[in-house]
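Residue numbers (the numbering used here): 5 to 189. Note that CB positions come from ideal geometry on N, CA and C, so glycine has one too. Just below is one structure, and these are the notes that go with it.
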Amino acid sequence: MERIQKILAKAGIASRREAERMMIEGRVSVNGKTVGTLGFKADPSRDRIKVDGKRLAPFEPKVILLLNKPRGYLSTVKDPKGRPTIMDLLKNVKWRIYPVGRLDFDAEGLLLLTNDGDLAHRLSHPKFSIPKTYLVKVAGVPEEKKLIRLRRGVMLEDGEARAVSCGLIREREKNSWVRVVVTEG
5 MERIQKILAK AGIASRREAE RMMIEGRVSV NGKTVGTLGF KADPSRDRIK
55 VDGKRLAPFE PKVILLLNKP RGYLSTVKDP KGRPTIMDLL KNVKWRIYPV
105 GRLDFDAEGL LLLTNDGDLA HRLSHPKFSI PKTYLVKVAG VPEEKKLIRL
155 RRGVMLEDGE ARAVSCGLIR EREKNSWVRV VVTEG
């Protein structure tokens, strides 16, 4: 027996958080009864689990893809504003996959995608402190006091962010490269 949100994540239906939202919205049923309790457990091999009235398909193999995301794409499955998403680059992929973490629209770099909800959860949830390394191109040469501020923590729109480590790796007059390692988000 497993929690419903874990079953849905393993099946590639949604992340655990998204599955919880679907349950709260009454979109999930087990053996004909709507499930609204987040701790509810089921056996996917015996119970009839449905999402939006559709029976859960047999589990697909676990898939992990690495995408070298170019600039100009959102790291999301869909965008209500119609902007390009990474899924536009993966039209021939037959599995239902989701990005683990994100890169900004104007950022480029490696992005992991998977249908393995457990893996996505372990890699992206802050409680697991998985380090993520970014190479950031900055104008000019950053002052050491700014790098120290990054290590101590800075306030962003969505809360405080702190670099586990950061340092100058290539210094040029016009622009430099800084390595930033974070364990959040």
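query = Buried or exposed: which applies to N96, given that a residue is buried once 16 or more other Cβ atoms fall within 10 Å of its Cβ?
reply = exposed
- prompt: Around the C-beta of I8, are 16 or more other C-beta atoms found within 10 angstroms, so that it is buried, or is it exposed?
  reply: buried
Can you list, in chain order, the residues of its chain whose CB lies under 8 Å from that of K45, leaving out five sequence neighbours each side?
M5, E6, R7, I8
Checklist line | Neighbourhood of E24 by C-beta, 8 Å cutoff - its chain only, sequence neighbours within 5 removed | finding: Q9, L42
Would you list the residues sitting across from K58 in a DSSP beta bridge? V55
Q.
Helix, strand or coil for A143? Go by DSSP, reduced to three states.
A. strand
Among R166, E148, L117, which residue has its Cα nearest to the Cα of A18? L117
| task | For my contact list, D56 and R31 are in at a C-beta cut-off of 8 Å; report their separation, rounded to the angstrom. | result | 5 Å
Q.
Can you tell me whether A167 is buried or exposed? The criterion is at least 16 other CB atoms within 10 Å of its CB, across all chains shown.
A. buried
Per DSSP, what kind of secondary structure is R100 in: helix, strand or coil? coil
Q.
Beta-carbon within less than 8 Å of D47's beta-carbon, same chain only, minus the 5 sequence neighbours each way: which residues are those?
A. M5, E6
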